[in-house]
Amino acid sequence: MTDTIRADALNLKKLVREAEALSDEAMIAFARLKHAMLAARQNPAVDVHTGQRALMRLNQAEAQALAMSTSLLRVHDELSKVAREKMVGDQGIPTEVPEQAVLDVEQPQDQNV
38 MTDTIRADAL NLKKLVREAE ALSDEAMIAF ARLKHAMLAA RQNPAVDVHT
88 GQRALMRLNQ AEAQALAMST SLLRVHDELS KVAREKMVGD QGIPTEVPEQ
138 AVLDVEQPQD QNV
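Residue numbers for the sequence shown, in our numbering: 38 to 150.
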């Protein structure tokens, strides 16, 4: 394999992992936001229904973030297939992605919130 191809492969590997990490960070941020929203609603001076629509919207955003994460796993898997097929003998570049991790999952239906 040429040095240019190897450099490209290593750069792609780095960028895919970076995108996956950002996706995870978004999901962590959503979880923190949901925690804070629910904790604020625990205040006895706040009506129990306060923020319910916002929580429903946040759940939709979380589902979309999870779908994005799954799509990124598929991208990662496809790039790894290319590495295995085109760069035979190269060690350390391809990543095995379990088939179960990239299966289609049913998307939640819009609740018209």
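In this text, a Cβ means the ideal position worked out from N, Cα and C, and glycines have one as well.
Residues of its chain near Ala-63, where Cβ-Cβ distance is below 7 Å and the 5 sequence neighbours each way are ignored: Along the sequence shown, one-based indexing puts residue 63 at 26. Around Ala-63: Ala-102.
Residue environment, Leu-116, which counts as buried when at least 16 other CB atoms sit within 10 Å: The residue you call residue 116 lines up with position 79 of the sequence shown. So Leu-116 ends up on the buried side.
Residue from Ala-82, Ala-76 and Pro-81 whose Cα sits closest to the Cα of Leu-92: Counted from its first residue, the sequence shown places residue 92 at position 55. Closest option to Leu-92, Cα to Cα, is Ala-76.
Gln-137 (DSSP reduced to helix, strand or coil): In the sequence shown, counting from the first residue as 1, residue 137 sits at position 100. It is helical.
Asp-45 in three-state terms, based on DSSP: By 1-based counting over the sequence shown, the position of residue 45 is 8. In the structure shown, Asp-45 sits in a helix (DSSP, three-state: H, G or I).
Straight-line Cα distance separating Ser-106 from Asp-61: Reading the sequence shown from its first residue, position 24 is the one you call residue 61. Reading the sequence shown from its first residue, position 69 is the one you call residue 106. The straight-line gap from Cα to Cα measures roughly 7 Å.
Given Ile-108 as reference, the closest of Glu-57, Ala-46, Lys-50 and Asp-45 once Cα atoms are compared: The residue given as residue 108 occupies position 71 in the sequence shown. Per the sequence shown, residue 108 should be read as Ser rather than Ile. For Ser-108, the nearest C-alpha among the options comes from Glu-57.
Nearest residue (CA-CA) to Arg-134, options Thr-41, Val-53 and Arg-69: Sequence index remark: in the sequence shown, residue 134 carries index 97 (1-based). It is Val, not Arg, that sits at residue 134 in the sequence shown. Checked all of Thr-41, Val-53 and Arg-69; the closest Cα to Val-134 is Val-53.
Leu-110 and Ala-138 closer than 8 Å at C-beta: Position 73 of the sequence shown, counted from the first residue, corresponds to residue 110. Position 101 of the sequence shown, counted from the first residue, corresponds to residue 138. Contact flag set, yes.
Contacts around Ala-98, its chain only, beta-carbon distance under 8 Å, and the 5 residues preceding and following it disregarded: For the purposes of this step, residue 98 is taken as the residue at position 61 of the sequence shown. Excluding residues within five positions, the ones whose Cβ falls inside 8 Å are Phe-67.
Cα-Cα separation, Asp-40 to Asn-48: For the purposes of this step, residue 40 is taken as residue 3 along the sequence shown, with counting starting at 1. For the purposes of this step, residue 48 is taken as residue 11 along the sequence shown, with counting starting at 1. Whole-angstrom Cα-Cα distance: 12 Å.
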